[in-house]
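Chains as they are written, first to last, in my numbering: chain A, 1 to 466; chain B, 1001 to 1466; chain C, 2001 to 2466; chain D, 3001 to 3466.
Number of protein chains: 4
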Amino acid sequence: MFQNEKPREECGIVGIHNAPEAAKLAYLSLYALQHRGQESAGIAASDGTRLLLHKDNGLVAEVFSETVLDALPGRGAIGHVRYSTTGSTRTANAQPLMANYHGGQVAVAHNGNLTNTDELRTTFEKRGAIFQTSTDTEVFLHLIAHSSAVSFSEALLLSLMRVKGAYSLVLLRPDCMIALRDPRGIRPLVIGKLGDGYAVASETCAFDIIGAEYLREVRPGEIVTFDDTGMKSETPFAQTDPAFCVFENIYYSRPDSLSGVDRRTIYEIRVDLGRELAREHPVPADVVVGVPDSALPAAIGYARESRIPYEMGLIRNHYIGRTFIEPRQSIRDFGARVKYNPVRGVLAGKRVVVVDDSIVRGTTIGKIVAMIRRAGATEIHVRSSAPPWIYPCYYGVDTPSPEELIASRLSVEEIRRQIKADTLGYMSIKGLVKVMPGHLAYCKACFDGAYVAGKPQKFTKEIHEG
Amino acid sequence: MFQNEKPREECGIVGIHNAPEAAKLAYLSLYALQHRGQESAGIAASDGTRLLLHKDNGLVAEVFSETVLDALPGRGAIGHVRYSTTGSTRTANAQPLMANYHGGQVAVAHNGNLTNTDELRTTFEKRGAIFQTSTDTEVFLHLIAHSSAVSFSEALLLSLMRVKGAYSLVLLRPDCMIALRDPRGIRPLVIGKLGDGYAVASETCAFDIIGAEYLREVRPGEIVTFDDTGMKSETPFAQTDPAFCVFENIYYSRPDSLSGVDRRTIYEIRVDLGRELAREHPVPADVVVGVPDSALPAAIGYARESRIPYEMGLIRNHYIGRTFIEPRQSIRDFGARVKYNPVRGVLAGKRVVVVDDSIVRGTTIGKIVAMIRRAGATEIHVRSSAPPWIYPCYYGVDTPSPEELIASRLSVEEIRRQIKADTLGYMSIKGLVKVMPGHLAYCKACFDGAYVAGKPQKFTKEIHEG
Amino acid sequence: MFQNEKPREECGIVGIHNAPEAAKLAYLSLYALQHRGQESAGIAASDGTRLLLHKDNGLVAEVFSETVLDALPGRGAIGHVRYSTTGSTRTANAQPLMANYHGGQVAVAHNGNLTNTDELRTTFEKRGAIFQTSTDTEVFLHLIAHSSAVSFSEALLLSLMRVKGAYSLVLLRPDCMIALRDPRGIRPLVIGKLGDGYAVASETCAFDIIGAEYLREVRPGEIVTFDDTGMKSETPFAQTDPAFCVFENIYYSRPDSLSGVDRRTIYEIRVDLGRELAREHPVPADVVVGVPDSALPAAIGYARESRIPYEMGLIRNHYIGRTFIEPRQSIRDFGARVKYNPVRGVLAGKRVVVVDDSIVRGTTIGKIVAMIRRAGATEIHVRSSAPPWIYPCYYGVDTPSPEELIASRLSVEEIRRQIKADTLGYMSIKGLVKVMPGHLAYCKACFDGAYVAGKPQKFTKEIHEG
Amino acid sequence: MFQNEKPREECGIVGIHNAPEAAKLAYLSLYALQHRGQESAGIAASDGTRLLLHKDNGLVAEVFSETVLDALPGRGAIGHVRYSTTGSTRTANAQPLMANYHGGQVAVAHNGNLTNTDELRTTFEKRGAIFQTSTDTEVFLHLIAHSSAVSFSEALLLSLMRVKGAYSLVLLRPDCMIALRDPRGIRPLVIGKLGDGYAVASETCAFDIIGAEYLREVRPGEIVTFDDTGMKSETPFAQTDPAFCVFENIYYSRPDSLSGVDRRTIYEIRVDLGRELAREHPVPADVVVGVPDSALPAAIGYARESRIPYEMGLIRNHYIGRTFIEPRQSIRDFGARVKYNPVRGVLAGKRVVVVDDSIVRGTTIGKIVAMIRRAGATEIHVRSSAPPWIYPCYYGVDTPSPEELIASRLSVEEIRRQIKADTLGYMSIKGLVKVMPGHLAYCKACFDGAYVAGKPQKFTKEIHEG
């Protein structure tokens, strides 16, 4: 298949505490988070005395059937979706991970990436540990299993003290569920009320589908335990500046989800980004179009601020399967054609502003520019609601190597020439921060290289998971 | 699964003449027409001496693999996608249909519905014919097979003289391809140039994906033959007023397809419909939202004309599988939640105009109104870019029975009360016609009951196909 | 996969009349007849007013699930299994065939082969008939559909008068079931009592699995109708000498089935064949082994008559799937090894008599001789309980072309040299007839070329089906 | 499905060292060992630097495709088949198990059962180990991983010193393969020469299919290492009396495999068992039949010694799938009917000796007696070539609980009455030993309760694996 040229969504996690048919509710919640990972899906459920697990490669709707869900009884469940990695079918790396150890059973679903697991892995291997996966999450499980702490919560705490990086975690034990975020709160995690019980999820859109009510986010560094007595909060870590992933707001999260910071919708933030973009990079034009679906809100914002009409100039085909058969004969820009098609009538003879939100390698936007040009546009002005993506992410986003990041290799003018746009404007980091709720508390390492939670000593694709 | 409450898309057809890997190109074209039918897909190919066929229930990407396409060699191919009928898995009814008869082999892909097949079927059965399917298309094949005409083209012509109703047909013979439309041109069919050969399809979006260039539509009543000598046109029928299905422009066709009449995009027509709707049913409001994805252009038009801001107030989940597991516990408006989610920030405290394009039973729009109300909207004004759907379609659209059509049972005010909207405005037929390209030449029987190509004596769901 | 070198089993048919869960009983009966056909399986069932059909490529256990069988309700059902043809997956040719025609619905399951269908097919095509399959059985359906007779039974009778060849048929109508055999009774068909109803099947082993009691065979030329009033017999054809397929008794039928002629088991007939073979072709030896599984009874007979010990010298692997992956590196006689393995201890240093029942191309027996030789046998004496297979079968057995039949090309001595046996003895036709129940009444055209029911004018593989 | 009433075959293991397409050869070898396990199959392969693994539930032919095998490159591979446990689909328990630990990668395939893993498991869990399966084999991997030994071979040796029970193991490292048996050699393991390399397998039949030449068995307590320098043997354990599983010779092994002790085929041993059985329990009768397929050699032996004719009185259906649909209406002895059918002609009016080799719960033999009685036998004399099975096996055979073992609950006379046989005779332990090659060196704990390698403290089904 043609290469995916958008940043790969990271993982999505959910948890259900004290609700009938918890596994079915986890399934629905995962389904609402499907945009965060299409490679694999899994649910671990507790019937009060033991954990059961089902996970497999595939979409949520493919991995789970009525029969499978009925075999996951109980009032507690956690779930995980993982992004798609081309060609790899490592079912072993699907989550939740589950372990039997001296403290009993535990299952874990992880969104993020630990940066010091190489060293820990080596340490544990020296002490006799066996690893089944290449994931950092398994290292975390070994930390818990090797802890000499008497209680699970102490073991968990001691383990958390040892890891660095980004992590939003949901853990399931036969008798309780725990949700927590790293001290900087790099990856999202929110809490909802669900009847007599609770739900947690990467985004609030997972609450809407099951009728849960959004309460608040899990705070950076907070450990929330859900058990018979209800919900308990601890904040054991030393206070640190929060650093929420700014790309969640720009691109990853669903527009109907609420920002954990100020309860605005992601949609509104993106419209504002578009407005700021219009202020930063105005251009005389006849029409504003967005690259569907994620960049449409920014395009709406750009149009509104610039008073240039907004149009749907590109149609996205939503029926794309995982494999796509390409004819031997060459069809120009085949990959982009399968995914997008221009609406000639709103492009022909027009000066077009194209708003995108995530230029990675530059190949897709290049094909889109060519496509719009062939549809008759007289000028094409590309605007990116994200600043240039220069640095790899070590905190849970599947990143191409720096050589593949076009903005890491080329200047803005060089990129403009390569994608054959008439003008090209990227959102400034300053402008970005201005628009974000709460303004300063963001991780924007992909744009400025400031790795707030450290870098791994050696960073391989293999280890970088979910 | 929850009931589909949108009008079911009818069928899509394609044909490729004189191109290498014709079956693969037909596959890609079908894929671009997937919105016209998700139940089954099929391709018949000619290697110059004989026809080969593959068809099955499922999406195009599920039915065809590289291996299957490689087993359909040759430079000619036709294809078909069929809409989904709940619960039914009648593979036999998938198309193209293929027959061996005294004149050799012929395959046919049909979009539309014949209205006098009951009588013809009885006649043929009396003469010894055996039927394998319940489709009107099979009756048409029997007409050809029973013809005493010497040549295929004569047999075809004589057969066409005998049928009534709506039909766009692509026929494949080992040595040629034929594309034709009924005298009124009720269903669409367009011709494209593809290298040394030709393509035909229900919509021009099927040309874009394979790099074919749109030439013109097959004219109402025209029979176009593609063979070694190129493309030949005949117009054997007596002249009749054309009557193109107006609902194609309102709802069925993809917005990036071109109207056969004036080469405007469907998108532009729909934006104009929205503008007209705003003129007919203005209302003071804060925001205009469309029901995604089909009603978005009309919403954009309404917003533009009314100068009320356009927002994406509803997000559609595109990962829905064919089966969806519902929890036993009740979740309010579960079906609508799985498909749509409101963007609270743009709805809360606002007067909202909701633009839809196809109110059938009224249940979905009712749930959407409730969903927007719960998101905090203070007023909800529903606007339909289609007039009230009162009469069943006998020309190829899967229609609920009249009792199920809410506009057939209730007045506009009664519907408004039932869906709990503050105001409700339907596009007038007059306004609709005004916006359409060429103005008068449309079938709008579903709105006015004027069945331009006759009604079947008895009309059963079983016979009504694709 | 390696080439199948045994004669392909022909089809198996069953019928259930007036029993609860008729489709499930048909399924079990088909399962007992699986040795007669592994390519496809199908069941048509009647709920009293209409017929429903399910058929597909695959084994009985693969084609039918609980869900599928539950969707085939009613007290009447017929079923069919069809042999495997390498590489072909023509689902269309699976049976039962079903038709809607002026007389209503009819389904038919056919074992045998009609020899004059080419002419009939041409005739019908001239009259406008459309064919969906390449089977002779479909021609038979057209005969019924084109009949001007008022009643179904008359139409059936008139149709039967027009066909030549071998046929055992079970037909299902919404209100009755009909079982019949051609005037010579070439292919088997037997009747059993099943509670208040009846069962029919190709062999009695199909009765044992469902607890039906064997009554009698359907007599050559007899038409048996099962309806509300019970079982009615007609024998409308002019009296003809019966000619039951002798190869059924030698090879095709299951050994636990009863001969229709004298109620001996097929097993006993084969033991007697082995005895006769020992009398015709005695040889001093240390051990008698049979080629498993079909030739074991003949080997037991040979051992008993010759007083040479019987041993299981070859073990057959029963887990062979439909596809088998072969390494690129050559493994000597790989195909035979996958299927058979010698038991060295009973072969090494011994003079071995190997009894087979069906030498077609000679390649398998050649590999078996080589395998036994490598296992240390000092002499190998091949004995065939069937006479040399010289002529193709036109009556329902999948026959290689004459050039592929080794006995058609080579003399017995030449065959012996080619398969590298020390001696080779084939059963004589005279000896064969002597052993058969009732002695004279057999079709042995494959051995003597006496085609009792005519030959087709042109005989192609395509037309020759089940 | 109806309950499986034969002792469940234990696991089968294979290894290929230094041969092109090692994984394909492992696949073929596993296929020849399919009778030892039908639940799951797996292969780990080494490309010289790292190990790759594929395993899944299903038959060998279902689990492996050409594509999967091509993704397992290299000249070294080990494989495993595991028996079927009703209803359980614990893919996690499939083998080979693979681990990444401080010493690198290792994969292991195990036939047998360790008896002291509960204690070891607890010990390791206390030290922080995480377990993924419930198998004893995983405990063994933890032993290796926790060893402080510098070299792999030392770690292996120290680990072996710690385990008790029955084990034949094949281990794969990126650069070598190791095959070993427990000091008593309870489970089988043999070595073959394969071109420039070697093969190991549970039985010699696995060599025949790939053209490997049988060299010798791995001796009890022997560790054989295959690496660049060829094959090296160590025998580090203190000398102990060997105790080969006698049931391998009676029932589990394929008849065409060679005994590791004296190179007789298993077939010959079973014929001798039948002869001994006839001497111990003679009876006047007309015919001897065996329960197919495993008891046929013993029946041949009984017939030969008693000079009563041997006949195939029961036919076994080989097309049984894993699931079988049962009608709601009762069919007497349905389960047995699906699997076996009597050959009436050789049973009716006869005094019948029925030879079986493995009476577990007594239900199947009871149904077979009823079936033969209904077929008209006047007397039925059951003879078992195995002594009464009284004690559970802790060494790798799936054993019902003692209450389910009919011989554990009832005397021989009581069993006879329950199964409704006229007489019943079991082989004596003394007679059994007399017939076995080498006479004394056998584990017969299932018959005499003498557990040569200890008993587990608590023995649960969960832990008892392949």
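Each residue gets a CB set at the ideal place from its N, CA and C atoms; glycine is no exception. This one's a predicted model, so the numbers in the text were calculated from it and none came from an experiment.
With a threshold of 8 Å between beta carbons, B:Gln1132 makes contact with chain C.
With a threshold of 8 Å between beta carbons, C:Leu2160 makes no contact with chain B. Counting only Cβ-Cβ distances below 7 Å, C:Arg2337 has contacts in chain D at Asp3208 and Ile3209, in chain order. Along the segment 425-446 of chain A, there is no position whose C-beta sits under 8 Å from a C-beta of chain B. Counting along the chain, A:Ile269 sits inside the alpha helix (DSSP H) bounded by residues Ile266 to Glu280.
In its chain, beyond the 5 residues on either side, Asp1175 and Cys1176 have a beta carbon closer than 7 Å to the beta carbon of B:Asp1227. Annotated as distal: A:Ala77 and A:Ile130, with beta-carbon spacing of 8 Å or more. Flagged as an interface residue toward chain B: C:Leu2141, by a C-beta distance shorter than 8 Å. For C:Lys2055, not one C-beta of chain D is nearer than 8 Å to its own C-beta.
Taken in chain order, the complete beta strand (DSSP E) segments of 3 residues or longer contained in the segment 2277-2336 of chain C are 2287-2290 and 2314-2316. If you keep only unbroken alpha helix (DSSP H) runs of at least 4 residues inside the segment 25-64 of chain A, you get 60-63.
Residues of chain D whose Cβ lies closer than 7 Å to the Cβ of C:Gly2345 are, in chain order, Arg3264, Thr3265, Tyr3267 and Glu3268. Relative to B:Ile1359, the option among B:Tyr1340, B:Gly1425, B:Ile1315 and B:Ala1453 whose CA is nearest is B:Gly1425. C:Gly2313 is outside the set of residues whose beta carbon lies under 8 Å from a beta carbon in chain B. Pairing B:Val1287 with B:Ile1308 gives a Cβ-Cβ distance under 8 Å.
With a threshold of 16 other beta carbon atoms within 10 Å, C:Arg2279 falls short and is exposed.
For D:Gly3197, the enclosing beta strand (DSSP E) has its first and last residue at Gly3197 to Ala3201. Looking at the DSSP output, B:Ser1384 sits in a beta bridge with B:Asp1356 and B:Tyr1426.
Counting C-beta atoms within 10 angstroms of its own C-beta, C:Lys2024 has 16 or more neighbours from the protein chains shown and is therefore classed as buried. For D:Glu3234, the CB contacts under 6 Å within the same chain, skipping 5 residues up- and downstream, are Ile3223 in chain order. Exclusion of the five residues before and after A:Arg316 leaves Pro292, Asp293, Lys339 and Tyr340 as the residues of its chain whose Cβ lies within less than 7 Å of its Cβ. Remark: C-beta atoms of B:Arg1351 and B:Ala1298 do not approach each other more closely than 8 Å. A:Ser385 places its beta carbon 8 Å or farther from that of A:Val343. Chain B places a beta carbon closer than 8 Å to that of A:Ile325, counting this residue as a contact.
Residue pairing of C:Ala2109 in beta bridges, as defined by DSSP: C:Val2170.
With respect to C:Val2271, C:Met2436 sits apart: the two C-beta atoms are not nearer than 8 Å.
B:Met1231 is bridged by DSSP to B:Phe1226. Going by beta carbons, B:Arg1036 and B:Gly1012 fall inside the 8 Å limit.
One Cα belongs to A:Ala155, the other to A:Glu138, and the distance between them is close to 15 Å. Of D:Thr3115, D:Lys3055, D:Ala3109 and D:Val3108, the smallest CA-CA separation from D:Gln3457 is found for D:Thr3115. For B:Ala1299, the nearest beta carbon of chain C is not closer than 8 Å to its own beta carbon. Beta-bridge partners assigned by DSSP to C:Pro2342: C:Leu2314.
DSSP places D:Lys3193 within a strand segment (E or B) once states are collapsed to three.
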